[in-house]
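Written below as structure tokens is the structure these notes are about.
Below is the structure:
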């Protein structure tokens, strides 16, 4: 059996009109309540403004309008910001001056002792003369020291270069002994020995490196003679 659909209620047109009137009346009443609350708040604000105007003696609303229309307001805020930054800088400078003053206070005894040690004008004149001589001699001393350092640097460079040349082994001298013992080498196209042949050469293996170096140093002398 097929189930019968439940009957749907049909709202009459007159009832719908009454419901719409009720909703419109509720909306109007809510708007009126909100307007009343806003008016009460505005009245309270005006009362507070009037009270402060009476205490301060000038119109706050006019000042607010002048601030809004006056372009100098932004400049005033910028000026106040600059004044604040300058104030911070002044505080930092004051702190630095305080540190310097404290440092001078710590060294006050030493400075007072040095000033009080001058007993006569002769000692002061001698001290001034010594300061003058020192001012003249100090640059000359620095120049002499610089020249001495340059001379020492040149001498060390010469010694190091000579040592490097003596310790440097030329390729021709290094392979000269091997070429004489190599049966495969021809005078026109000498070939270096292999590592195995070098290790088999007992004469060179047993010869000290210092002896080879002395021999190499003597050969240029003989050639020049």
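In the working numbering, the protein residues as written are 1129 to 1353.
Where a beta carbon is used, it is the ideal one built from N, C-alpha and C, also for glycine.
Taking the alpha helix (DSSP H) that residue i belongs to, which residues open and close that run?
i            : result
residue 1258 : 1249 to 1295
residue 1176 : 1141 to 1184
Any Cβ of chain D within less than 8 Å of the Cβ of residue i?
i            : result
residue 1179 : Any reference to chain D falls outside this structure, which holds one protein chain only.
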